[in-house]
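In UniProt numbering, the protein residues as written are 1 to 353. Worksheet: one structure, shown below.
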Amino acid sequence: MRLLLTIAGLAVLTAFSACGGRAGELEKQTTRTVTLVTARQEKVVRPVRASGLLAASREVALSFKTGGIIQTLRVDEGRHFKKGEILATLDMREIRAYAEQARAGLEKAERDVRRVEKLYADSAASLEQLQNARTALTAARARYEAARFNEEQGRITAPFDGVVLKRLRSMGEMSGPGAPVLLVGNQPAGAIVKAALSDSDILRLQPGDRAELRFDAWPGTVFSGRVSRLAGTALPGSGVFEIEIALDKTAKKLLSGFVASVTLFPSREEERVVIPAAALSEASGKRAYVFVYDAGAGIVRRKRVSVAHIMDGRIALSDGLRPGTRIVEHGAAYLNNGDRVIIKTSQALSPAQ
Numbered sequence: 001m002r003l004l005l006t007i008a009g010l011a012v013l014t015a016f017s018a019c020g021g022r023a024g025e026l027e028k029q030t031t032r033t034v035t036l037v038t039a040r041q042e043k044v045v046r047p048v049r050a051s052g053l054l055a056a057s058r059e060v061a062l063s064f065k066t067g068g069i070i071q072t073l074r075v076d077e078g079r080h081f082k083k084g085e086i087l088a089t090l091d092m093r094e095i096r097a098y099a100e101q102a103r104a105g106l107e108k109a110e111r112d113v114r115r116v117e118k119l120y121a122d123s124a125a126s127l128e129q130l131q132n133a134r135t136a137l138t139a140a141r142a143r144y145e146a147a148r149f150n151e152e153q154g155r156i157t158a159p160f161d162g163v164v165l166k167r168l169r170s171m172g173e174m175s176g177p178g179a180p181v182l183l184v185g186n187q188p189a190g191a192i193v194k195a196a197l198s199d200s201d202i203l204r205l206q207p208g209d210r211a212e213l214r215f216d217a218w219p220g221t222v223f224s225g226r227v228s229r230l231a232g233t234a235l236p237g238s239g240v241f242e243i244e245i246a247l248d249k250t251a252k253k254l255l256s257g258f259v260a261s262v263t264l265f266p267s268r269e270e271e272r273v274v275i276p277a278a279a280l281s282e283a284s285g286k287r288a289y290v291f292v293y294d295a296g297a298g299i300v301r302r303k304r305v306s307v308a309h310i311m312d313g314r315i316a317l318s319d320g321l322r323p324g325t326r327i328v329e330h331g332a333a334y335l336n337n338g339d340r341v342i343i344k345t346s347q348a349l350s351p352a353q
């Protein structure tokens, strides 16, 4: 009986000893050396990100002012041209025939007026006959001017230096008056990117704000530009607002329709609490967690914060921390709520960090 009690007592002592050992190990594991940083309030710029399409700042659909068969199309899509260059012409034979007919009619009307004026002077023609001859001359002159105009408009001349964006007709086709034949633009000198923004984002921007643009066609290249236009009303049925970004001059070849990733930098600054990105122990979307140092207890407490945006290794917060709060910067990934910590250094976050 005494042996049994002794064995039982040893078992209990062993159990307590084991529990005490594990507790010591746990305490040792949860006491970590960390670096603290002090959150601070700063004026920051929150970028606006969007996608857009490259286009010419000036796009014009060119057409013939008169109808006819297209005889020549001297440019293909992507071809650059100079102002005043002839881009397309109609078959002028029929147009010239009408012009010649109108010219002949005008000459006859002029002869008729001279003849009737002489007869009227000799009292051989009535005043009504003279008035009718003069009216016929006015009508003939108008027909001739219209024929001359049509003859001059039987070709399409470049209105500015630019590039052919699209050919809408082919040689030999019949083109009606005003029917688009060529779509041209003034890119690359006047290239723009059109993007759509939400109502909250467009209110943060103003003309002249800086932009950075990236195209898949030019990986690794960052293009610069400025906001040139902000829509005053939303696009019908969409609820988004269109903006235009004017690209700075570049030697890179850019074509209408290129998709751009756009980062806009509003000139209006916001007051935000800023912390280093390394201070986040966990993050998912806009929700993240940091460890706040409790100096009185010598422990850290896990705290939820809301991320406004990320900027060069720093995090701007929209909620969750007050300026001056001391949080763990290095070592946060290995902590649990309530862990004891040893402070290695403590520093304030500088704007350059």
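Glycine included, every Cβ here is placed at the ideal spot set by N, Cα and C.
Simplified DSSP assignment, three categories, for residue i
i: residue 118; result: helix
i: residue 200; result: helix
i: residue 248; result: coil
i: residue 233; result: coil
i: residue 384; result: Residue 384 lies beyond the stretch modelled for the chain, which goes from 1 to 353, so this question has no answer here.
i: residue 124; result: coil
i: residue 322; result: coil
i: residue 53; result: strand
i: residue 36; result: strand
i: residue 332; result: helix
Close Cβ partners of residue i (< 8 Å) along its chain, the five nearest in sequence each way excluded
i: residue 354; result: Examination of residue 354 is not possible in this model, given that the chain is present from 1 through 353 alone.
i: residue 221; result: 214, 215 and 252
i: residue 369; result: Summary: the structure shown does not reach residue 369, with the chain confined to residues 1 through 353, and so no result is reported for it.
i: residue 342; result: 31, 32, 33 and 34
Chain B contact for residue i (CB, 8 Å cutoff)
i: residue 154; result: Of the protein chains in the structure, only one exists, and it is not chain B.
Which residues DSSP lists as bridging residue i, in chain order
i: residue 180; result: 63
i: residue 289; result: 282 and 304
i: residue 311; result: 314
i: residue 163; result: 80 and 185
i: residue 71; result: According to DSSP, which records beta bridges pairwise, residue 71 is partnered with nothing at all.
i: residue 264; result: 48 and 211
i: residue 41; result: 273
i: residue 157; result: 86
Sequence-distant residues of the same chain with beta carbon closer than 7 Å to residue i, five excluded per side
i: residue 334; result: 32
i: residue 194; result: 52, 53, 55, 242 and 244
i: residue 218; result: 252
i: residue 337; result: 301 and 302
i: residue 143; result: 102 and 105
i: residue 166; result: 77 and 183
i: residue 344; result: 33, 34 and 35
i: residue 198; result: 240
Nearest residue (CA-CA) to residue i, options the options
i: residue 80; options: 159, 70 and 193; result: 159
i: residue 314; options: 336, 294, 331 and 272; result: 272
i: residue 168; options: 61, 226 and 86; result: 61
i: residue 235; options: 196, 229 and 258; result: 196
i: residue 297; options: 284, 339 and 331; result: 339
i: residue 130; options: 123, 117, 164 and 122; result: 117
i: residue 270; options: 323, 86, 204 and 295; result: 204
i: residue 49; options: 267, 239 and 263; result: 263
i: residue 177; options: 67, 45, 280 and 75; result: 67
Cutoff 6 Å; reference residue i; Cβ partners in own chain excluding five residues on either side
i: residue 119; result: 125
i: residue 92; result: 154
i: residue 293; result: 36, 300 and 326
Which residue spans inside the segment 77 to 119 form an unbroken beta strand (DSSP E) run of at least 3? Within the segment 77 to 119, the runs of beta strand (DSSP E) that reach at least 3 residues and sit entirely inside it are, in chain order, 86 to 90.
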